[in-house]
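Structure first, commentary second.
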Amino acid sequence: GKTKPYHVSLIDLDKTAIHPKFNNTGNLNDVAVLTMKKCIPDDQADLFEIMEVANEDFWKRRSSELLVSDEDDEYVAKTSVAGFGQQGPSDPSVPPALQSVDVSLFGREECEKKYNDKLLFSSIDLIQPDMYCAGAPTGGKDACLGDSGGPNYYTDPETSKRTQLGIVSWGIGCAEEGFPGVYTSVAYHYDFIQASVCGDERLGDFGVSSQSSATTTRTASLLRLCLPDDIPENNNAGGDDAEDPIVIGDNLNGGIKDSPVEEEPTCLEENKSCTKDFECCRDLICHKRDSVCKAPLREYKGRLSDGSHGGSGSSSNIRKNGG
Numbered sequence: 001g002k003t004k005p006y007h008v009s010l011i012d013l014d015k016t017a018i019h020p021k022f023n024n025t026g027n028l029n030d031v032a033v034l035t036m037k038k039c040i041p042d043d044q045a046d047l048f049e050i051m052e053v054a055n056e057d058f059w060k061r062r063s064s065e066l067l068v069s070d071e072d073d074e075y076v077a078k079t080s081v082a083g084f085g086q087q088g089p090s091d092p093s094v095p096p097a098l099q100s101v102d103v104s105l106f107g108r109e110e111c112e113k114k115y116n117d118k119l120l121f122s123s124i125d126l127i128q129p130d131m132y133c134a135g136a137p138t139g140g141k142d143a144c145l146g147d148s149g150g151p152n153y154y155t156d157p158e159t160s161k162r163t164q165l166g167i168v169s170w171g172i173g174c175a176e177e178g179f180p181g182v183y184t185s186v187a188y189h190y191d192f193i194q195a196s197v198c199g200d201e202r203l204g205d206f207g208v209s210s211q212s213s214a215t216t217t218r219t220a221s222l223l224r225l226c227l228p229d230d231i232p233e234n235n236n237a238g239g240d241d242a243e244d245p246i247v248i249g250d251n252l253n254g255g256i257k258d259s260p261v262e263e264e265p266t267c268l269e270e271n272k273s274c275t276k277d278f279e280c281c282r283d284l285i286c287h288k289r290d291s292v293c294k295a296p297l298r299e300y301k302g303r304l305s306d307g308s309h310g311g312s313g314s315s316s317n318i319r320k321n322g323g
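The opening residue of the sequence shown carries number 1 in full-length UniProt numbering; numbering runs sequentially from there.
This is how it looks when you write it as structure tokens:
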């Protein structure tokens, strides 16, 4: 049978705090905090598992035991990465359910050596101080296109408590030997995340005003990353709807009752009311007079380029933000 697409809940954002020193060229400071307009209702909170964000103390205590070296003949991956991205660089399809895979951490120096040994050029500080790498020594396990922004997390074997270590940032290819995925460390940016959530005066230290982030005072413990209770690994169950999507928010159990989060279609079909062209499915446009999605009234008479006058067409296989 045909696999059904997963449902996406569209949730309006109240505020967005992007790190003011984010550098898209080298992906330095690749972190942002999104605040939802609505809290997850109390009657839906039990559908999610709360995941804490690692601070510097947690990273110092636990990162060494999570690191793997090329000298290790046998290793056990102790962290995981989750997302809705591609399951391979040549497979553009989107999985029907949230995917996860176990990965091990590599130190900055070892990771940079791996990249420089494989690349045609050598780069100093390719892996910046706020980055770390994760994957498998021989490749085969990694995030991929579409997973950017997803969590790398550690699950305590005794308590089953999950702690987020990083954010999928960039990489070369997917799961290639010698090119582990590169992540932004949330511990390195913990102060920025905390200030963005609490909306306190320390945001000025980062060049962000409190008005541009959360406006109500909160404690750092209210920051949450929620994942479904069961994350299938390599789940290709045909026909089943996917698990709930990853949701970033706060105040999950704050006692604020709100209407359930409504699931909305990702696009509008023909003759559905609209306000903008991008709301309409496929090649439909929003007809200005009727304010409904319709096929274009007439085709553009110009000639489409067949690429015969283009350049070499070569492109980089570096995956970056946004998948």
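Beta carbons: idealized from backbone N, C-alpha and C, even for Gly.
Buried or exposed: which applies to alanine 295, given that a residue is buried once 16 or more other Cβ atoms fall within 10 Å of its Cβ? exposed
Buried or exposed: which applies to proline 20, given that a residue is buried once 16 or more other Cβ atoms fall within 10 Å of its Cβ? exposed
Backbone CA spacing between leucine 268 and glutamate 279 [nearest angstrom]: 6 Å
Considering Cα atoms alone, identify which of Thr159, Asp191, Tyr132 and Glu158 is closest to tryptophan 170. Tyr132
Of the listed residues Gly85, Ala54 and Val101, nearest to valine 76 (C-alpha basis): Val101
For lysine 78, tell me which candidate among Leu165, Lys15 and Val31 has the shortest Cα-Cα distance. Leu165
Going by CA-CA distance only, name the one from Met51, Ala82 and Cys274 that's closest to aspartate 156. Met51
Spatial neighbours of glycine 178 within its chain, please: C-beta separation below 8 Å, excluding the five flanking residues on both sides. Lys114, Tyr115, Asp117, Lys118 and Gly139
Return the chain-ordered list of same chain residues with a C-beta closer than 7 Å to the C-beta of glycine 149, the five sequence neighbours on each side being excluded. Ile167 and Val168
Exposure of leucine 98, with buried meaning 16 or more beta-carbon neighbours within 10 Å: buried
So what's threonine 217 in DSSP terms, helix, strand or just coil? Below a pLDDT of 50, predicted positions are generally treated as unreliable, and threonine 217, at 32, falls in that range; no measurement from the model is reported.
Kindly indicate which three-state DSSP category asparagine 152 falls into: helix, strand or coil? strand
Using the three-state DSSP reduction, which class does phenylalanine 121 fall into: helix, strand or coil? coil
Coarse secondary structure for phenylalanine 106, derived from DSSP in three states: strand
So which of Cys198, Gln128, Val197 and Gly181 has the shortest CA-CA distance to asparagine 23? Gln128
Would alanine 82 pass as a contact of leucine 105 if the rule is Cβ separation under 8 Å? no
Nearest neighbour of aspartate 191, chosen from Tyr153, Asn29 and Arg61 [CA to CA]: Asn29
Roughly how many angstroms separate the alpha carbons of proline 89 and serine 160, rounded to a whole number? 32 Å
Which whole-angstrom value describes the C-beta separation of leucine 13 and leucine 34, a residue pair presumed to lie in contact below a C-beta threshold of 8 Å? 6 Å
Residue span of the alpha helix (DSSP H) that contains serine 64, given as start and end: 56 to 66
Taking the alpha carbon of lysine 15 as the point to measure from, which residue in Gly26, Ala32 and Thr25 has its own alpha carbon closest? Ala32
Of the residues Lys276, Cys281 and Cys39, the one placed nearest lysine 288, counting alpha carbons only: Lys276
Could you check the C-alpha separation between asparagine 235 and aspartate 290 for me, to the nearest Å? The predicted model places asparagine 235 with a pLDDT of 36, which falls under 50 and marks its position as unreliable; any figure quoted below should be read in that light. Looking at the two C-alpha atoms, the distance is approximately 43 Å.
Can you give me the C-alpha to C-alpha distance between valine 186 and isoleucine 193, rounded to a whole angstrom? 8 Å
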